[in-house]
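Visitor: According to this note's numbering, the sequence shown is numbered sequentially starting from 75.
Ideal Cβ positions, reconstructed from N, Cα and C, are used throughout, including at glycine.
All values reported here derive from a predicted model rather than from experimental measurement.
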Amino acid sequence: MYTYPEIRLQNKQDAFSAMFMFLSRSILALCGERKGEGIIREAVRRAGRESGMAQLKKLRTAGIPTNLHNLFNTGLDYLDDPRVRCNVLFDQEDRQIWEVYTCPLANFWNKYSESKIGSLYCEEYQYARLLAFTEDKGQLNLSKILTSPCDTFCRFSMYFREANVSSERGAESFTHGEVDLAQLPNTNFDDGATGMTLSIYFHLLEVATEREGPEGTCAVAEGLKKWAVQAIEAMQSQAARTLKLFNADFVELNFPLPLNLTANIETKFTAWTGYEALELLEKLVLQPLKAVLL
């Protein structure tokens with residue numbers, strides 16, 4: 075059984091998964107398989123780099139060692155979904171190795187027979203994030219992946235060796251046991267839902283437009299339209315199952331995008347204002363959503 079806060083978080087995570095699936099489907103269909111895959115992979119890499127660079131800056135500002143333990147455990151900028159079941163084999167400053175047995179992202183994409191689309195995300199995001207955080211000194215091996223029909227778990231092996239970095243970065247990152255990892259603050263800078271959704275969406279739009287011009291923009295727009303239809307149906311069902319009204323309050327708690335998105339452009343979402351990205355979201359997703367609220 076999950077609590078209401080956990081269910082709301084899961085609903086946001088599933089909405090993110092749906093957004094990525096519908097936009098990627100549309101890009102592959104309208105831009106072609108080869109070009110479309112290139113667009114999606116590059117967009118995911120850009121989003122991963124954006125997250126890794128932001129995490130590095132946050133930890134440095136807070137005076138927290140910039141090592142792999144803290145990349146994945148301190149000041150998180152992604153969702154900690156309770157449906158994830160994993161086993162951390164090594165949790166060290168220079169080595170992180172996990173096995174993930176249940177993943178809501180993979181479960182969602184596999185359910186809709188879009189494991190290939192899911193693989194594009196899984197193969198690129200954490201690797202790009204790691205490289206940005208380690209300033210191109212980290213290594214990642216994804217040897218098992220839940221979006222593959224041949225595998226029953228994901229296995230991430232990540233390394234950031236002190237011998238590969240400058241003395242300055244080494245002193246900043248590695249404590250050699252002098253800091254009790256359990257005593258480091260675990261402050262969440264952001265719950266991750268809105269930022270992750272906007273970052274992936276924006277970079278899909280950015281790369282599609284850069285490479286394919288108006289046709290690329292249209293591909294993303296068509297994906298947004300399909301996502302809006304699915305999102306409305308999903309939230310109506312979620313509200314009914316939890317005996318809640320499908321109104322603005324419910325959407326704010328269960329959907330990763332705020333209904334007043336464009337009102338916050340200047341204060342919260344300046345990183346994703348190019349290509350009229352937020353205006354497009356407002357027109358194709360949020361306006362249809364607002365129109366059916368109780």
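Let's test the definition: count the other Cβ atoms within 10 Å of the Cβ of E198 and tell me whether it reaches 16, buried, or not, exposed.
Guide: Translated into the one-based positions of the sequence shown, residue 198 becomes position 124. Counting Cβ neighbours within 10 Å, E198 comes out buried, since at least 16 surround it.
Visitor: Going by the CB atoms, is the gap between L360 and L319 shorter than 8 Å?
Guide: For the purposes of this step, residue 319 is taken as residue 245 along the sequence shown, with counting starting at 1. For the purposes of this step, residue 360 is taken as residue 286 along the sequence shown, with counting starting at 1. Result no, Cβ atoms of L319 and L360 do not sit closer than 8 Å.
Visitor: Only counting the same chain, and skipping five residues up and downstream in sequence, which positions put a Cβ closer than 7 Å to that of L258?
Guide: If you number the sequence shown from 1, residue 258 lands on position 184. Because L258 carries a pLDDT of 48, less than 50, the predicted location of this residue cannot be relied on, and the following value inherits that uncertainty. Excluding positions up to five away in sequence, the list reads I138, N144 and T148.
Visitor: Could you spell out where the alpha helix (DSSP H) holding L204 opens and where it closes?
Guide: As a working mapping, residue 204 is identified with position 130 in the sequence shown. Its alpha helix (DSSP H) spans residues S189 to F207.
Visitor: What does DSSP give as the partner residue(s) for S231 in the beta ladder?
Guide: Reading the sequence shown from its first residue, position 157 is the one you call residue 231. Answer is I171 and N215, bridged to S231.
Visitor: Along the alpha helix (DSSP H) that carries V281, what are the first and last residues, could you check?
Guide: Along the sequence shown, one-based indexing puts residue 281 at 207. Where V281 is concerned, the enclosing alpha helix (DSSP H) stretches over A267 to E286.
Visitor: Can you tell me whether T261 is buried or exposed? The criterion is at least 16 other CB atoms within 10 Å of its CB, across all chains shown.
Guide: The residue you call residue 261 lines up with position 187 of the sequence shown. Reliability of the predicted coordinates at T261 is poor, the pLDDT of 43 falling under 50, and the value obtained from them is presented with this limitation in mind. Per the 10 Å Cβ criterion, exposed.
Visitor: In angstroms with no decimal places, state the Cα-to-Cα distance between S91 and Q200.
Guide: Position 17 of the sequence shown, counted from the first residue, corresponds to residue 91. Position 126 of the sequence shown, counted from the first residue, corresponds to residue 200. Their backbone Cα atoms lie some 16 Å apart in a straight line.
Visitor: Whether or not the stretch 119-139 and the stretch 184-192 are in contact is what I'm after, with contact meaning three or more pairs of Cβ atoms, one per stretch, closer than 8 Å; do they touch?
Guide: Verdict: no, contact absent.
Visitor: When you compare each of L272, D165, Q213 and L220 to I191 by their alpha carbons, which one comes out closest?
Guide: The sequence position of residue 191 within the sequence shown is 117, counting from 1. The residue with the shortest Cα to Cα distance from I191 is L220.
Visitor: Around the Cβ of K75, are there at least 16 other Cβ atoms within 10 angstroms (buried) or fewer (exposed)?
Guide: Locating residue 75 in the sequence shown gives position 1, where the first residue counts as 1. Just to set this straight, residue 75 is Met in the shown sequence, not Lys. Counting Cβ neighbours within 10 Å, M75 comes out exposed, since fewer than 16 surround it.
Visitor: In terms of alpha-carbon separation, which member of S98, K109 and L354 lies closest to L278?
Guide: By one-based count along the sequence shown, residue 278 stands at place 204. The shortest C-alpha separation from L278 is found at S98.
Visitor: Apart from the five residues on each side of it in sequence, which residues of its chain come closer than 7 Å, Cβ to Cβ, to T249?
Guide: Position 175 of the sequence shown, counted from the start, is the residue given in the question as residue 249. Only P139 and E167 meet the Cβ criterion.
Visitor: Per DSSP, what kind of secondary structure is F248 in: helix, strand or coil?
Guide: For the purposes of this step, residue 248 is taken as the residue at position 174 of the sequence shown. In this structure, F248 counts as coil in the three-state DSSP scheme.
Visitor: Of the residues E246, G212, L358 and L352, which one's Cα is nearest the Cα of F230?
Guide: Here the question's residue 230 lines up with position 156 in the sequence shown. Taking only the C-alpha atoms, the option nearest F230 is G212.
Visitor: Assuming R82 and L327 are in contact, meaning their beta carbons sit under 8 Å apart, how far apart are those beta carbons, in whole angstroms?
Guide: On the sequence shown, residue 82 is found 8 positions in, with the first residue counted as 1. On the sequence shown, residue 327 is found 253 positions in, with the first residue counted as 1. About 5 Å; that satisfies the 8 Å criterion.
Visitor: Pull up the distance between the alpha-carbon of F276 and that of F343, whole angstroms please.
Guide: Taking the sequence shown and counting its residues from 1, the one referred to as residue 276 is at position 202. Taking the sequence shown and counting its residues from 1, the one referred to as residue 343 is at position 269. Cα-Cα distance, rounded: 11 Å.
Visitor: When we look at the beta-carbon of V239 and count the other beta-carbons within 10 Å, is it buried (16 or more) or exposed?
Guide: The residue you call residue 239 lines up with position 165 of the sequence shown. By the neighbour-count rule (16 or more Cβ atoms within 10 Å), V239 is buried.
Visitor: Tell me, please, whether the CB atom of E289 is closer than 8 Å to any CB atom in chain C?
Guide: Among the protein chains of the structure shown there is no chain C, as only one such chain exists.
Visitor: Would A351 and L104 be called neighbours here (beta carbons separated by less than 8 Å)?
Guide: Counting from one through the sequence shown, the residue named residue 351 turns up at place 277. Counting from one through the sequence shown, the residue named residue 104 turns up at place 30. Cβ distance not < 8 Å, so A351 and L104 don't count as in contact.
Visitor: Under 8 Å, with one C-beta from each stretch per pair, do the stretch 106-120 and the stretch 295-302 reach the 3-pair mark?
Guide: Counting Cβ pairs under 8 Å, fewer than three are found: no touch.
Visitor: Report the rounded CA-to-CA distance for I171 versus A89, giving the unit in angstroms.
Guide: Along the sequence shown, read from residue 1 onward, the residue named residue 171 stands at position 97. Along the sequence shown, read from residue 1 onward, the residue named residue 89 stands at position 15. Using only the alpha carbons, I get a separation of about 28 Å.
Visitor: Tell me the residue span of the alpha helix (DSSP H) that contains V158.
Guide: Start at 1 with the first residue of the sequence shown, and residue 158 comes out as number 84. Where V158 is concerned, there is no enclosing alpha helix (DSSP H), given that its DSSP letter is neither H nor E.
Visitor: On a CA-only basis, which of S273, A237 and E242 is nearest Y195? Give me that one, please.
Guide: Position 121 of the sequence shown, counting from 1, holds the residue named residue 195. The shortest Cα separation from Y195 among S273, A237 and E242 belongs to S273.
Visitor: Consult DSSP for L165 and reduce its assignment to one of helix, strand or coil.
Guide: Position 91 of the sequence shown holds residue 165. According to the sequence displayed, residue 165 carries Asp and not Leu. Reduced to three states, the DSSP call for D165 is strand.
Visitor: Compare the C-alpha of R159 against each of I113, L179, S311 and S100 and name the closest.
Guide: As a position in the sequence shown, residue 159 is number 85, starting the count at 1. It is L179 whose Cα lies nearest to the Cα of R159.
Visitor: Can you give me the Cβ contacts of Q310 inside the same chain, cut-off strictly under 6 Å, excluding the 5 residues immediately before and after it?
Guide: Along the sequence shown, read from residue 1 onward, the residue named residue 310 stands at position 236. Same-chain partners within the cutoff: F320.
Visitor: N181 lies in the alpha helix (DSSP H); which residues open and close that run?
Guide: Translated into positions along the sequence shown, residue 181 becomes position 107. P178 to K185 is the span of the alpha helix (DSSP H), which, as asked, contains N181.
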